[in-house]
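Student: Next up is a structure, given as C-alpha cells.
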Amino acid sequence: QKEVEQNSGPLSVPEGAIASLNCTYSDRGSQSFFWYRQYSGKSPELIMFIYSNGDKEDGRFTAQLNKASQYVSLLIRDSQPSDSATYLCAVRGNTPLVFGKGTRLSVIA
Amino acid sequence: NAGVTQTPKFRILKIGQSMTLQCTQDMNHNYMYWYRQDPGMGLKLIYYSVGAGITDKGEVPNGYNVSRSTTEDFPLRLELAAPSQTSVYFCASSSDNRGYGYTFGSGTRLTVV
C-alpha cells in the first residue's frame, strides 16, 4: 500500500514568518510530487509540483524534494492570513495521485 | 470555460437508496478520477478512467460503480447506500498520466442516514 504521511497540525505561524510543511512517502518508485491547497469547504487547487531532487521556487512558495530520504517539503515565505488552509501532499508513481491527509496551516495576524 | 462540473452539490440519501453523482468536463481531458474525502482525511481514489470505455479500480471501490461512455462524462453510481459512504466526493480530470494539472470539480457532499 502506497502511503503519503503528513503531520495533521495545526501548524500556527505569525504573519510574515516562514511556514514549513513536510511530507514523506513510502513508494521509492514515485516520480512526481505535488502540493495542493484546500480551503475549508472547497476543492483542492494545485500550487506547486516538483519532479527532480532539489528546490523549485515559485513566488513565495518553494518545494523541496529529496528522493533518497523520500521526503518532500513546502516552504511558504512571508506567510499571510490568506495562506491559512489545509495543504495536501500528493505523490504519483505508476498510478493516479496518492494524497496525504493534509496539514492544517493557521497564519496568525 | 466551465472546467469540471459536478452535480448535485449536496444530497441526503437514506440507507439502501441508490444515486448517481454526475461529472462532466469540457477540456477534452482523457483522464478522469473520482476521489472521496472524509473529515480530516486526505483524498482516497475510488475509480479512474484513462479514456472512453476504460475504467479501473482505485483504493476504495467497494460499493461504487462507474462508466465512461464519452470523453466528457464520468458518472459515479452508488448502489445500496450505507452510512460509511457519507463523504465529500470530488471528480477530477487531467490531460495526461503524469498527474500534472489535475482539475477538480467543486465536490458533492453526500450524507447517508
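Read top to bottom, the protein sequences are chains D and C. Per the numbering used here, residue 8 is the first one in the first sequence, and the count goes up by one each step. Per the numbering used here, residue 405 is the first one in the second sequence, and the count goes up by one each step. A virtual CB, placed ideally from N, CA and C, is assigned to each residue, including glycine.
If you compare alpha carbons, which of C:Gly446, C:Val454, C:Thr409 is closest to C:Ser499?
Tutor: With distances taken between Cα atoms, C:Ser499 lies closest to C:Val454.
Student: What are the boundary residues of the beta strand (DSSP E) that includes C:Met423?
Tutor: 423-429
Student: Within the stretch 411-473 of chain C, note down every full beta strand (DSSP E) run reaching 3 residues or more, in order along the chain.
Tutor: 414-417, 423-429, 435-441, 447-455, 458-461, 468-470
Student: Name the chain D residues whose beta carbon is nearer than 7 angstroms to that of C:Gly509?
Tutor: Residues of chain D with a Cβ closer than 7 angstroms to the Cβ of C:Gly509 are, in chain order, Ser50.
Student: Considering only their Cβ atoms, is the gap separating D:Ser47 from D:Glu10 smaller than 7 angstroms?
Tutor: With respect to the 7 angstroms criterion, D:Glu10 and D:Ser47 are not classified as neighbours on the basis of their beta carbons.
Student: Between which two residues does the beta strand (DSSP E) containing D:Phe40 stretch?
Tutor: 39-45
Student: Tell me the DSSP secondary structure of D:Gln71 in three-state form.
Tutor: strand
Student: Report the partner residues of D:Phe106 according to the DSSP bridge assignment.
Tutor: D:Ala97
Student: Using 8 angstroms as the Cβ pair cut-off and three pairs as the minimum, do the stretch 17-26 of chain D and the stretch 75-86 of chain D touch?
Tutor: yes
Student: Tell me whether D:Ala92 counts as near the ligand FAD, meaning its Cβ is closer than 6 angstroms to at least one heavy atom of that ligand.
Tutor: Among the components modelled here there is no ligand, and therefore nothing to report on the ligand FAD.
Student: Would D:Lys108 pass as an interface residue toward chain C - the criterion being a Cβ-Cβ separation below 7 angstroms?
Tutor: Chain C has a Cβ within less than 7 angstroms of the Cβ of D:Lys108.
Student: Please decide whether D:Leu72 counts as near chain C, where near means a Cβ-Cβ distance under 7 angstroms.
Tutor: no
Student: So, at 6 angstroms on beta carbons, what are the nonlocal neighbours of C:Arg415 in its own chain, with the 5 sequence-adjacent residues on each side left out?
Tutor: Leu514.
Student: For chain C, find out if any of its Cβ atoms is closer than 7 angstroms to the Cβ of D:Leu95; answer yes or no.
Tutor: Interface flag for D:Leu95 against chain C is set, since a Cβ pair is found closer than 7 angstroms.
Student: Assuming contact is defined by CB atoms lying nearer than 7 angstroms, are C:Leu417 and C:Ala485 in contact in what I supplied?
Tutor: yes
Student: Shortest alpha-carbon distance to D:Leu28 belongs to which of D:Ala116, D:Thr110, D:Ile115, D:Val114?
Tutor: D:Thr110
Student: Sorted by chain position, which residues of the same chain lie with C-beta nearer than 6 angstroms to D:Lys63's C-beta, five sequence neighbours on each side aside?
Tutor: Same-chain partners within the cutoff: Ile57, Ala70.
Student: Could you tell me which residues DSSP pairs with D:Ser19 in its beta bridges?
Tutor: D:Ser113
Student: How about C:Gly446: is its C-beta nearer than 7 angstroms to some C-beta of chain D?
Tutor: yes
Student: Note down, in chain order, all residues in the stretch 53-72 of chain D with a beta-carbon under 7 angstroms from any beta-carbon belonging to chain C.
Tutor: Leu53, Phe56
Student: Short check: CB of C:Phe478 to CB of C:Met436, under 7 angstroms?
Tutor: Yes.
Student: Measure how close the beta-carbons of C:Tyr452 and C:Tyr468 come, nearest whole angstrom, since I'm counting them as under 8 angstroms.
Tutor: Their Cβ separation, rounded to whole angstroms, is 12 angstroms, which puts C:Tyr452 and C:Tyr468 out of contact at 8 angstroms.
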